[in-house]
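Pasting the structure below:
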């Protein structure tokens, strides 16, 4: 896999990847997540313009996975907004490669960690991220920025299922 920044013409492909990846939630009793629309093109473009949208392509130049990081640090950390891998390319360590790419190429010495929010009990969410070196943060240890993200997620209805914030330190 080649990892590179996303191009503007690829943003509709990112939506397709998200739809395909989201379909897996239907099989575990979360059809609302499966049916949730991907980020609109103007939102994806915001990440792409900021240089915080990376894709993994299949050596033909076609993206098969992507990672979005917030353009501005969240309480001093790089915050991962989304990691999606097309199901046809799952179980190949592509998501981990994108996360490692962000940690090595997107971070600066002043950035101590990566953070994200995710579903606690979905196998390819919190348990997966734990295998990638993230640890769950206790609710009373959440920074103001992570609390604000959790409030936005709750307003979107994501609190219907247990969610957690996770953190992974960056070693330089």
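In the working numbering, the protein residues as written are 604 to 775.
Built from N, CA and C at the ideal position, the CB exists for glycine as well.
Across which residues does DSSP place residue 768 in a beta bridge pair? 720 and 740
Given this structure, state the Cα-to-Cα distance separating residue 604 from residue 694, to the nearest angstrom. 13 Å
If I measure Cβ to Cβ from residue 623 and keep anything under 7 Å in the same chain, skipping five residues before and after, which residues do I get? 689 and 690
Taking the alpha-carbon positions, what's the residue 679 to residue 743 distance? 18 Å
Distance, Cα to Cα, residue 681 vs residue 758? 23 Å
Roughly how many whole angstroms lie between the Cα atoms of residue 648 and residue 614? 7 Å
CB-CB under 7 Å to residue 773, same chain, minus the five flanking residues each way: which ones, in chain order? 706, 710, 714, 715, 716 and 717
Do you know whose CA, among 662, 643 and 669, lies nearest residue 655's CA? 669
One or two residues paired with residue 672 in a DSSP bridge: 683
Do you know offhand how far residue 735's Cα is from residue 699's? 6 Å
Continuous beta strand (DSSP E) stretch holding residue 607: start and end: 605 to 608
Smallest Cα separation from residue 751: which of 701, 677 and 729? 677
Between 659, 643 and 765, which has its C-alpha nearest residue 725's C-alpha? 765
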